[in-house]
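Written below as structure tokens is the structure these notes are about.
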Amino acid sequence: MFITATAPNPLVVDLIAQATNLEVHLTWGQWALGMFLPGIAAMLLMPLVFYFLSPLEIKSTPNASAFAKDKLKELGKMKNSEKIMLSVFVLLLLLWAEA
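Note that the numbering used here has the sequence shown beginning at -9, numbered continuously upward.
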């Protein structure tokens, strides 16, 4: 969906530029705009496709939220090392997204 998502996408942009003698140059925004509808369609249709290809075996989980709450209580509060790790992860994610 995004121009940087896979290696062939920038190659396609370069191929288009070469084929048109640089008259057509796709920017990241133009690519994202062009892929908006196919991306939305894929996000809406893929869960249905997977549901029909591999139907759910468990259809009801009434005690799932209670189970999750119990497990979270077992974990306890976040440790300082976990908070530092989360902070580093968020920082790296932001730096990567802005690069």
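Each residue gets a CB set at the ideal place from its N, CA and C atoms; glycine is no exception.
As the structure is a prediction and not an experimental result, all values here were calculated from the model.
With DSSP as the reference, label residue i as helix, strand or coil.
i	result
I74	helix
A31	helix
M36	helix
P(-2)	helix
I48	coil
G66	coil
E13	coil
Distance check for residue j and residue i, CA to CA, integer angstroms please.
i	j	result
A130	A22	In the structure as shown, the chain starts at -9 and stops at 89, and residue 130 therefore has no counterpart that could be examined.
D60	A31	38 Å
K103	L82	No information on residue 103 is available, as it lies outside the stretch -9 to 89 that the chain covers here.
A54	I48	12 Å
D4	L84	28 Å
If I measure Cβ to Cβ from residue i and keep anything under 7 Å in the same chain, skipping five residues before and after, which residues do I get?
i	result
I6	V14, L16
L43	none
Would you say the beta carbon of residue i is closer than 6 Å to some non-hydrogen atom of the ligand FAD?
i	result
G19	As presented, the structure is devoid of all ligands, the ligand FAD included, so that no description of it is given.
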